[in-house]
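**Q** I have a structure I would like to understand better, so I am pasting it below and will then ask my questions one at a time.
Here it is, written out as structure tokens:
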């Protein structure tokens, strides 16, 4: 009798543990993810003239609320004494004014356009508790505004400051989508389309006709904050060591 | 067998809790959840992709202005501003399309050109820049007149 009870307990607990494990792992065993990085974005800081037309076009195209920016341009001014000043008045939507400073005090100055890096292993997606932000099968990192609960975890997780929660409007997280709605229609993202100096390029990595294809092969590129391990898909030409 | 009673009771309760959990879960989780991928980054409501792709595009390409503004398009494509899209100066085509001319930006002001052309140390050295309007005009040996702006001397579609 005692023996019976022991085997019964053993068997039933094994069955329970087994089925529990199967249910937990089911999504991973079935349907492996077909996601891959099909697109890349290249920012050539050496060509950027800092007109801010990209930031302005983005605001209009995506109806970005006041005070928030999905893409913006930063001006780095490196002084003779090593001090670094970064400014971006209103995200550069109206461009930049000349700095009022003694002539020759600035050693070097340049523009760095920024946007969501659409990382291959994004922190922001990992931390989302409800599965409202995700990577599409083409490699776009998007936010499902109907499913987002506005908890702001992703805003804190993003090392690039690319996300915001519009507390006065929709109340959900939002950010650059690489203009998913345009790219799926065969257009370029609004910022790439409007750029007068080809400082922003976007295209399929595997398409030999796309503008990014040859640059990815030929130029030496950098990414922002590689130490965070997000594997960004936005690549920079001509970054200086001061840029973060 | 009477020692098994409490085990059986426990299992029955467990099964009911399990059924309850899955019933609530299937009610709360949208149908298309997870159809494009598993737990790693692609786990999401599948319908969201199509919803976002269906948003209309505001900006078109300069080609889209060609059919109605042939003459301007031809001048523009041979001039020094061929790299600057029409919509960088005139605003999105969609606005022009829907509400006719009221929303078409036609900025002839000095500031409209200076956004791109005022001298900044951060701009690439090879880019054509001018310090300010007055000194630029004086350099060309002219006097600043009333109502004078950049289009007084430069055709915006074909600047020389």
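Chains as they are written, first to last, in my numbering: chain R, 122 to 365; chain A, 111 to 270.
Ideal placement from N, C-alpha and C gives every residue a C-beta, glycine not left out.
#1: Please give me, in chain order, every unbroken run of the beta strand (DSSP E) with length at least 3 that falls completely inside the region 222–306 of chain R.
#2: What number of angstroms, rounded off, separates the C-alpha of residue 324 of chain R from the C-alpha of residue 191 of chain R?
#3: For chain A, is any of its Cβ atoms less than 8 Å away from the one on residue 268 of chain R?
#4: Find the nearest neighbour of residue 202 of chain R within the set R/215, R/184, R/227 and R/185, judged by alpha-carbon distance.
#5: Identify the contact partners of residue 265 of chain R in chain A, using a Cβ-Cβ distance below 7 Å as the criterion.
#6: With 16 other CB atoms within 10 Å as the buried threshold, where does residue 267 of chain A fall?
#7: Starting from the Cα of residue 216 of chain A, find the closest Cα among A/250, A/226 and A/200 and give me that residue.
#8: Please determine whether the Cβ atom of residue 309 of chain R lies at a distance below 7 Å from any heavy atom of ligand 1.
#9: Determine the burial state of residue 230 of chain A: buried for a count of at least 16 other Cβ atoms within 10 Å of its Cβ, exposed for fewer.
#10: What residue from R/193, R/204 and R/267 has the CA that sits closest to residue 233 of chain R's CA?
#11: Which two residues bound the contiguous beta strand (DSSP E) that contains residue 164 of chain R?
#12: Excluding the five sequence neighbours on either side, which residues of its own chain have a C-beta within less than 7 Å of the C-beta of residue 244 of chain A, listed in chain order?
#13: For residue 208 of chain R, does the count of other Cβ atoms within 10 angstroms reach 16, so buried, or fall short, so exposed?
#14: In three-state terms, what does DSSP make of residue 325 of chain R?
#15: Step through the CB atoms of chain R and report whether any lies within less than 8 Å of the CB of residue 233 of chain A.
#16: Measuring only the C-alpha atoms, how far is residue 215 of chain R from residue 232 of chain A?
#17: Along chain R, in chain order, which residues have C-beta atoms closer than 8 Å to that of residue 269 of chain A?
#18: Which same chain residues end up closer than 8 Å to residue 185 of chain A when comparing Cβ atoms and leaving out the 5 residues on each side of it in sequence?
#19: Here's a check: name, in chain order, each residue in its chain whose Cβ is nearer than 7 Å to the Cβ of residue 229 of chain R, leaving out the five neighbours to either side.
#20: For residue 163 of chain A, tell me which candidate among R/303, R/313, R/340 and R/357 has the shortest Cα-Cα distance.
#21: Residue 133 of chain A to residue 124 of chain A, Cα distance in whole Å?
#22: Would DSSP call residue 205 of chain R helix, strand or coil?
#23: Inspect the beta-carbon positions of residue 152 of chain A and residue 255 of chain R and report whether they are closer than 8 Å.
#24: Less than 8 Å between the C-beta atoms of residue 364 of chain R and residue 162 of chain R, yes or no?
#25: Figure out for me which residue from R/184, R/299, R/164 and R/249 has the closest Cα to the Cα of residue 268 of chain R.
#26: Leaving out five residues before and five after residue 157 of chain R in sequence, what residues of the same chain have Cβ atoms less than 7 Å from its Cβ?
#27: Closer than 9 Å by beta-carbon distance: list the chain R residues that pair up with residue 215 of chain A, in chain order.
#28: Relative to the alpha-carbon of residue 150 of chain A, which residue among R/273, R/131, R/318 and R/257 has its alpha-carbon at the smallest distance?
#29: At a Cβ cut of 9 Å, what residues of the region 200–232 of chain R count as close to chain A, listed as they run along the chain?
#30: Along the region 309–337 of chain R, where does the CB come closer than 9 Å to a CB of chain A? Name the residues.
#31: Where does residue 136 of chain R fall in DSSP's three states?
#32: If distances are taken between C-alpha atoms only, which option among R/164, R/159, R/133 and R/160 comes closest to residue 344 of chain R?
#33: So which residues of chain A does residue 132 of chain R contact, with C-beta pairs closer than 9 Å?
#34: With a threshold of 8 Å between beta carbons, is residue 116 of chain A in contact with chain R?
**A** Considering the structure as presented:
#1: 227–236, 254–256 and 262–264
#2: 19 Å
#3: yes
#4: R/227
#5: 154, 155 and 158
#6: buried
#7: A/200
#8: Looking for ligand 1 in the displayed structure turns up nothing, as the structure carries no ligands at all.
#9: buried
#10: R/193
#11: 160–165
#12: 254
#13: exposed
#14: strand
#15: yes
#16: 16 Å
#17: Per Cβ cutoff of 8 Å: no residues; residue 269 of chain A is ~12 Å from chain R at best.
#18: 265, 267 and 268
#19: 199
#20: R/303
#21: 14 Å
#22: strand
#23: yes
#24: no
#25: R/249
#26: 260
#27: Within chain R, no residue comes near residue 215 of chain A; the closest Cβ sits about 11 Å away, beyond 9 Å.
#28: R/257
#29: 215, 216, 217, 218, 219, 220, 227, 229, 230, 231 and 232
#30: 309, 311, 314, 315, 316, 317, 318 and 319
#31: helix
#32: R/164
#33: The premise fails here: residue 132 of chain R is roughly 12 Å from chain A at the closest Cβ pair, so nothing lies under 9 Å.
#34: no
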